[in-house]
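These protein sequence lines are chains G and E, in that order.
Position in the first sequence (from 1) plus 84 gives the number in my numbering.
Position in the second sequence (from 1) plus 6 gives the number in my numbering.
Positions of the beta carbon are idealized from the N, C-alpha and C atoms, including for glycine.
Presented below is the structure to which this report refers.
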Amino acid sequence: MPAEGSPDPWDLVKLGERLGAERLRVFVQRRYSEVFVLDNGVLRQASAGYVTGLGVEALVEGGLGYASTNELDEGSVKRAVEMAVRTGRAVARAGRKVRLAEAGPFGKLAFSSTFSSEPADVDVSEKVGLLTWIYGLLRPRGLSSVTVSLAYEKDERTVLSSTGEEASCSYRMVGLSIGLVACSAGSCESLRDQRSMVAGWEFVKRFDWAPFAEELAETVIASLRAPHVEPGRYAVVMDNEAVGLLIHEAFGHASEADIVLSGGSVLEGLVGRAVASELVSIADTGVVEGGAFLPIDDEGTPKRRTSIVEKGVLRSYLHSLRTAAEMGTEPTGNARAASYADQTLVRQTNIFVEPGDWRPEEMLRETKRGVYVKGRGSRGGEVNTLVGSFTFTAGPSYFVENGEARGLVRGVILTGSILETLKRVDAVGRDLVVSTSVFGGCGKMGQTVRVGDGGPHVRVSEMVVGG
Amino acid sequence: MNVRKLLSEALREGANEAEVFVVGFKGYEATTTRGMVERVSAIEETKLGLRVAIGKRVGGVAISGPVGDLGEVIRRAISIARSSTEDVHWAGFAEQTRRGPEVRCYDKRVAEVGPEDLVDLHRLLVERAREEGRGLGKAEVVGALTRLGVGTVRVLNSRGVDVEVEYTVHGTWLEVGLEDSSFAASRVSARFLVDDVLEASAEAVRKASMFRKAKPVDSGVYEVVLAPEVVADFLESAFLPALSALNVLEGRSPLAGRVGQRVLSELVTVIDDPTLELESGTRPYDDEGVGTTRKEPVSRGELWGFVHSYYTAMRMGEEPTGNGFRGSPASSPMPSFTNLVVKPGSGRLEDFTRDLRRGLVVYATIGHWTSDPVSGRARATVTHGLLVSGGEVLQPVAGVNITGSVYDWFGDGLVALGSDVVTNEGASTPSAFVRGVRVGG
Numbered sequence: 085m086p087a088e089g090s091p092d093p094w095d096l097v098k099l100g101e102r103l104g105a106e107r108l109r110v111f112v113q114r115r116y117s118e119v120f121v122l123d124n125g126v127l128r129q130a131s132a133g134y135v136t137g138l139g140v141e142a143l144v145e146g147g148l149g150y151a152s153t154n155e156l157d158e159g160s161v162k163r164a165v166e167m168a169v170r171t172g173r174a175v176a177r178a179g180r181k182v183r184l185a186e187a188g189p190f191g192k193l194a195f196s197s198t199f200s201s202e203p204a205d206v207d208v209s210e211k212v213g214l215l216t217w218i219y220g221l222l223r224p225r226g227l228s229s230v231t232v233s234l235a236y237e238k239d240e241r242t243v244l245s246s247t248g249e250e251a252s253c254s255y256r257m258v259g260l261s262i263g264l265v266a267c268s269a270g271s272c273e274s275l276r277d278q279r280s281m282v283a284g285w286e287f288v289k290r291f292d293w294a295p296f297a298e299e300l301a302e303t304v305i306a307s308l309r310a311p312h313v314e315p316g317r318y319a320v321v322m323d324n325e326a327v328g329l330l331i332h333e334a335f336g337h338a339s340e341a342d343i344v345l346s347g348g349s350v351l352e353g354l355v356g357r358a359v360a361s362e363l364v365s366i367a368d369t370g371v372v373e374g375g376a377f378l379p380i381d382d383e384g385t386p387k388r389r390t391s392i393v394e395k396g397v398l399r400s401y402l403h404s405l406r407t408a409a410e411m412g413t414e415p416t417g418n419a420r421a422a423s424y425a426d427q428t429l430v431r432q433t434n435i436f437v438e439p440g441d442w443r444p445e446e447m448l449r450e451t452k453r454g455v456y457v458k459g460r461g462s463r464g465g466e467v468n469t470l471v472g473s474f475t476f477t478a479g480p481s482y483f484v485e486n487g488e489a490r491g492l493v494r495g496v497i498l499t500g501s502i503l504e505t506l507k508r509v510d511a512v513g514r515d516l517v518v519s520t521s522v523f524g525g526c527g528k529m530g531q532t533v534r535v536g537d538g539g540p541h542v543r544v545s546e547m548v549v550g551g
Numbered sequence: 007m008n009v010r011k012l013l014s015e016a017l018r019e020g021a022n023e024a025e026v027f028v029v030g031f032k033g034y035e036a037t038t039t040r041g042m043v044e045r046v047s048a049i050e051e052t053k054l055g056l057r058v059a060i061g062k063r064v065g066g067v068a069i070s071g072p073v074g075d076l077g078e079v080i081r082r083a084i085s086i087a088r089s090s091t092e093d094v095h096w097a098g099f100a101e102q103t104r105r106g107p108e109v110r111c112y113d114k115r116v117a118e119v120g121p122e123d124l125v126d127l128h129r130l131l132v133e134r135a136r137e138e139g140r141g142l143g144k145a146e147v148v149g150a151l152t153r154l155g156v157g158t159v160r161v162l163n164s165r166g167v168d169v170e171v172e173y174t175v176h177g178t179w180l181e182v183g184l185e186d187s188s189f190a191a192s193r194v195s196a197r198f199l200v201d202d203v204l205e206a207s208a209e210a211v212r213k214a215s216m217f218r219k220a221k222p223v224d225s226g227v228y229e230v231v232l233a234p235e236v237v238a239d240f241l242e243s244a245f246l247p248a249l250s251a252l253n254v255l256e257g258r259s260p261l262a263g264r265v266g267q268r269v270l271s272e273l274v275t276v277i278d279d280p281t282l283e284l285e286s287g288t289r290p291y292d293d294e295g296v297g298t299t300r301k302e303p304v305s306r307g308e309l310w311g312f313v314h315s316y317y318t319a320m321r322m323g324e325e326p327t328g329n330g331f332r333g334s335p336a337s338s339p340m341p342s343f344t345n346l347v348v349k350p351g352s353g354r355l356e357d358f359t360r361d362l363r364r365g366l367v368v369y370a371t372i373g374h375w376t377s378d379p380v381s382g383r384a385r386a387t388v389t390h391g392l393l394v395s396g397g398e399v400l401q402p403v404a405g406v407n408i409t410g411s412v413y414d415w416f417g418d419g420l421v422a423l424g425s426d427v428v429t430n431e432g433a434s435t436p437s438a439f440v441r442g443v444r445v446g447g
């Protein structure tokens with residue numbers, strides 16, 4: 085898929101080889117997006133975005149260089165190729181020489197997510213009308229602030245490699261987010277939730293937004309009266325969303341092979357060793373119901389289902405072509421870039437805990453004292469893979485005593501250890517749910533990419549909880 | 007791209023008002039892992055945003071890449087505006103109410119750096135770390151990232167605003183491993199000084215040596231000394247958004263209606279300063295073309311005002327403060343700080359540490375950005391801390407979380423602010439000695 089008006093990308097591959105690149109990758113991206121934000125009934129933002137750009141990665145004498153441009157005239161793209169070769173040579177001179185594994189041979193691959201109603205064709209007035217209707221439902225609740233947002237993106241990427249492969253992927257993702265603030269007697273609480281899907285407008289039309297909005301409002305109002313959880317160590321039952329956050333932060337990043345090779349992961353050298361309870365199996369896969377659509381990565385490698393942990397034993401890291409070559413293993417299709425302007429990093433795709441056989445209600449019934457952690461309203465998490473600590477927040481959650489949810493608690497933050505927390509998993513549910521978001525994603529070295537995460541309900545026998 | 011033509015065509019096609027915002031960046035990025043430079047990349051891109059108003063309906067289009075059919079872009083923006091709902095508070099795009107101050111936000115040393123220089127810089131910072139580690143243990147730069155270059159912003163609108171700003175950006179972030187410990191440091195500003203970056207590398211090694219065999223501590227309520235960088239983190243995430251006039255107007259700030267009241271300790275003065283020499287947030291104009299100003303929203307604990315975009319200033323009947331900044335080219339400018347400055351007090355982190363009867367000294371955290379400025383709830387997990395009793399360090403600490411109200415921490419719970427200011431990443435803050443911090447361990 086050449087960008088309009090620019091040279092054929094295959095000519096750029098040949099140019100790079102003529103300039104001395106032993107491997108060359110050309111990455112072309114087109115992205116269309118829309119954002120509408122209704123802020124207390126006022127349309128704060130209504131805009132459409134168009135992105136077109138091209139990136140070139142060159143392996144020159146073992147040094148990896150990269151250059152990008154969104155000026156797509158012949159002169160600019162040729163300069164990008166020349167700069168990619170120049171930066172590769174600069175690394176070869178004084179930096180690390182690397183090898184790249186081969187993703188193929190697979191010839192030409194093309195993937196496209198499915199949809200039935202193109203969101204870009206839906207009139208703006210219908211989109212704004214939906215936001216206004218939801219605002220109208222919530223306005224009588226006496227909330228201090230109601231923000232309703234709609235976002236849509238269509239992302240098309242094509243990767244051409246000097247090894248002869250060409251891979252392209254296109255997806256549409258749409259979502260709606262509601263952010264609420266409730267105040268009473270000088271105290272305020274906020275709560276935000278969203279639903280996104282790799283789909284077209286049909287998802288927005290079919291989803292029942294009224295109960296979604298109303299339940300969120302009830303929860304934020306109730307949380308005003310809730311105490312903060314007393315800091316300490318608790319048994320923790322996590323819902324699907326919270327499990328997704330847990331696994332993404334607690335394990336996902338530490339299993340990214342570029343972090344492992346840098347010496348920055350506590351999982352280094354542990355393949356084949358027990359790192360979690362034998363109830364825990366963790367997978368990372370490119371396409372799964374409810375998740376992001378990532379059948380290929382941004383090096384053009386088909387994304388395979390990667391079993392990271394199998395019954396508690398670390399089986400694999402997540403790889404790019406570079407890390408796979410260095411570790412002498414197969415690439416897994418996890419090299420991703422936020423956009424054409426970025427070099428690839430090893431990233432998760434859709435990561436989740438495989439289901440077990442507990443029912444969530446059984447898990448709660450058999451918890452003497454703990455916290456039922458709800459992921460809705462979480463503000464996210466972070467990990468330090470070298471120290472081995474991770475953290476994430478939860479939304480309004482429940483204190484559990486003698487098997488019953490006793491009352492709402494707020495302000496929950498969880499702290500754990502990459503090497504210890506998953507060993508304390510003593511129950512894994514059967515109710516797998518994976519979700520994604522068009523409003524955010526995972527951040528690493530300044531790049532944000534869309535991801536999916538989730539799992540069934542899980543219980544951890546002890547975790548540090550703050551509030 | 008002839009932006010004046012774009013503006014005039016937008017008006018010709020039916021917009022009552024129009025605004026064009028162009029942002030460009032040209033620079034390089036280098037990555038080092040495990041002591042060796044691994045990748046270098048060159049970045050060059052220009053993004054354009056067109057916003058139009060038809061009456062009080064506003065719509066926008068952002069473009070990164072070839073514009074193609076200019077007319078189509080304009081018609082799309084106008085179509086979005088026509089289909090939008092009216093904002094009764096819309097007062098138009100910004101007027102140029104004043105000239106921006108004379109500031110220094112461009113360092114030609116940044117503009118002169120090429121990819122080969124970045125490779126050399128990273129080689130030097132790796133060597134510096136190893137040198138500093140001699141006698142302490144095997145020190146290695148586990149990861150380092152430098153991103154630098156020249157940015158440009160141009161804003162023009164149908165009300166006569168036409169400003170252009172050129173600025174430089176330099177950020178180096180690195181993490182050093184030392185035996186079984188580690189520490190991260192950064193240098194982020196508009197300036198580029200090799201010695202400064204090398205000192206960051208050495209500093210990370212010295213700090214890493216303090217946190218070997220870190221363990222959690224018992225849960226409880228503690229006195230806590232926060233390092234200057236941690237003070238910046240918590241104020242930026244749990245407090246500053248409450249000073250946004252938009253959040254005040256839209257029911258998302260606990261400071262609404264409290265101008266003239268004491269909201270923090272009288273030890274605290276919070277300044278928004280766009281004039282600091284060669285710092286990240288230093289600018290003469292904001293993203294609407296309004297001249298920036300130095301201001302003290304909080305003076306000795308008392309709230310004096312908020313930071314404004316043009317829209318919020320008009321809505322509140324106040325002077326624009328030059329704080330309207332955008333996340334993307336066609337988005338509405340939102341009020342946010344330029345550079346955060348907290349006026350220093352007296353004493354240093356080491357003095358406060360000696361004064362701790364039983365408490366923690368927190369040097370680094372993860373997750374501080376999950377703090378909630380609506381409720382004022384500050385929270386994070388400590389990755390690099392020290393447990394102190396009777397002024398003596400008992401053990402390094404990691405794996406605990408700290409929570410509390412930012413209004414308590416920097417209000418009645420504030421014992422002292424230090425004089426040991428650290429200026430980095432657009433914030434200039436001292437250490438703080440705080441009582442009543444909840445610790446989960």
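### Message
Starting from E/Trp310, trace the beta strand (DSSP E) in both directions and tell me its first and last residue.
### Response
Note, E/Trp310: premise wrong, no beta strand (DSSP E); not H, not E.
### Query
Taking buried to mean at least 16 other C-beta atoms within 10 Å of its own C-beta, is E/Gly397 buried or exposed?
Burial call: exposed.
### Query
Buried or exposed: where does G/Asp205 fall if 16 or more other Cβ atoms within 10 Å of its Cβ makes it buried?
So G/Asp205 counts as exposed.
### Query
Can we say the stretch 411-418 of chain G touches the stretch 447-456 of chain G, given the rule of at least three CB pairs closer than 8 Å?
no
### Assigned exposure category for G/Ala360 - 16 Cβ within 10 Å defines buried
buried
### Query
Does the beta-carbon of G/Gly495 have 16 or more other beta-carbons within 10 angstroms, so that it is buried, or is it exposed?
Under a 10 Å Cβ-count criterion, G/Gly495 is classified as buried, with 16 or more other Cβ atoms of the shown protein chains found around its own Cβ.
### Task
Go ahead and label G/Lys192 buried or exposed: buried means 16 or more other beta carbons lie within 10 angstroms of its beta carbon, across all protein chains shown.
exposed
### Message
Considering Cα atoms alone, identify which of E/Gly66, E/Arg82, E/Arg140 and E/Glu170 is closest to E/Gly30.
### Response
E/Glu170
### Task
Closer than 8 Å by beta-carbon distance: list the chain E residues that pair up with G/Glu352, in chain order.
Within chain E, no residue comes near G/Glu352; the closest Cβ sits about 11 Å away, beyond 8 Å.
### Query
At a Cβ cut of 9 Å, what residues of the stretch 354-381 of chain E count as close to chain C, listed as they run along the chain?
Considering every chain present, this structure includes no chain C. Its protein chains are G and E.
### Query
Who pairs with G/Gly259 in a beta bridge, going by DSSP?
G/Ala235 and G/Ser280
### Query
Does the Cβ of E/Arg469 have 16 or more other Cβ atoms within 10 Å, making it buried, or fewer, making it exposed?
Residue 469 of chain E falls outside the range modelled here, since chain E spans only 7 to 447, and no answer is possible.
### Query
Would a C-beta distance cut-off of 7 Å place G/Val208 and E/Ser89 closer than the cut-off?
yes
### Query
So what does DSSP say about E/Asn253, is it helix, strand or coil?
Assigned with DSSP and collapsed to three states, E/Asn253 falls in helix.
### Query
Who are the near neighbours of E/Ser425 in its chain, counting only those whose CB is closer than 7 Å to its CB and skipping five residues on each side?
Around E/Ser425: Pro350, Gly351, Ser352, Gly353, Arg354 and Pro436.
### Query
Measuring CB to CB, does G/Ser261 end up less than 7 Å from G/Phe523?
yes
#### Entry: One or two residues paired with G/Leu193 in a DSSP bridge
G/Ala251
### Query
Is the stretch 271-289 of chain G touching the stretch 144-164 of chain G in the sense that three or more CB pairs, one from each, lie closer than 8 Å?
no
### Message
Against chain G, with Cβ distances strictly below 7 Å, would E/Arg40 count as a contact?
### Response
For E/Arg40, the answer is yes, since a Cβ of chain G falls inside 7 Å of its Cβ.
### Opening and closing residue of the beta strand (DSSP E) in which G/Ala301 lies
G/Ala301 -> not in any beta strand (DSSP E); alpha helix (DSSP H) instead, spanning Trp293 to Ser307.
### Query
From this set, E/Gly157, E/Ala16, E/Leu180 and E/Val403, which residue's C-alpha is nearest E/Val223's C-alpha?
E/Val403
### Query
So, does the CB of G/Met85 fall closer than 7 Å to a CB anywhere in chain E?
Per-residue confidence for G/Met85 stands at a pLDDT of 39, beneath the threshold of 50, marking its modelled position as unreliable; no derived number is given.
### Message
Taking the straight line between their C-alpha atoms, what separation do you get for E/Gly66 and E/Arg268?
### Response
40 Å
### Message
What does the alpha-carbon distance come out to for the pair G/Ala87 and G/Ala338?
### Response
Below a pLDDT of 50, predicted positions are generally treated as unreliable, and G/Ala87, at 48, falls in that range; the measurement from the model is reported next regardless. Taking the straight line joining both Cα atoms gives about 36 Å.
### Message
Suppose only complete runs of 3+ residues qualify. What are the beta strand (DSSP E) ranges in the stretch 305-373 of chain E, listed by chain order?
### Response
If we require 3 residues or more, the beta strand (DSSP E) runs fully inside the stretch 305-373 of chain E come out as 346-348 and 364-372.
### Message
On a Cα-Cα basis, can you pick out the residue from E/Arg364, E/Phe416 and E/Val43 that is closest to E/Leu131?
### Response
E/Val43
### Task
Using beta-carbon positions only, say whether E/Phe245 and E/His390 come within less than 7 Å of one another.
no
#### Entry: Helix, strand or coil at E/Asp239 according to DSSP, with G and I counted as helix
Of the three classes helix, strand and coil, the one that applies to E/Asp239 here is helix, per DSSP.
#### Entry: Within 7 Å, strictly: CB atoms of E/Phe416 and E/Ser271
yes
### Task
Would you decide whether E/Val94 is buried or exposed? Buried here means 16 or more other CB atoms lie within 10 Å of its CB.
exposed
### Query
Looking at the unbroken alpha helix (DSSP H) that takes in E/Ser85, where does it start and where does it end?
Leu76 to Ser89
### Query
What are the residues of the stretch 314-333 of chain G that lie near chain E, defined by any Cβ-Cβ distance shorter than 7 Å?
Sequence-ordered contacts of the stretch 314-333 of chain G with chain E read Pro315 and Gly316 [C-beta pairs closer than 7 Å].
### Task
Just confirm the distance between the C-beta atoms of G/Leu264 and G/Val304, as a whole number of angstroms; I'd bet it's less than 8 Å.
5 Å
### Task
Kindly indicate the opening and closing residues of the beta strand (DSSP E) around G/Arg170.
Premise fails: G/Arg170 lies in the alpha helix (DSSP H), Glu158 to Ala178, not in any beta strand (DSSP E).
### Task
Specify, as a first and last residue, the run of the beta strand (DSSP E) that G/Trp285 falls within.
Premise fails: G/Trp285 lies in the alpha helix (DSSP H), Trp285 to Arg290, not in any beta strand (DSSP E).
#### Entry: Beta-carbon neighbours of E/Ser434, restricted to chain G and to distances below 7 Å
Those do not exist, as E/Ser434 stays about 23 Å from chain G at its closest Cβ, beyond 7 Å.
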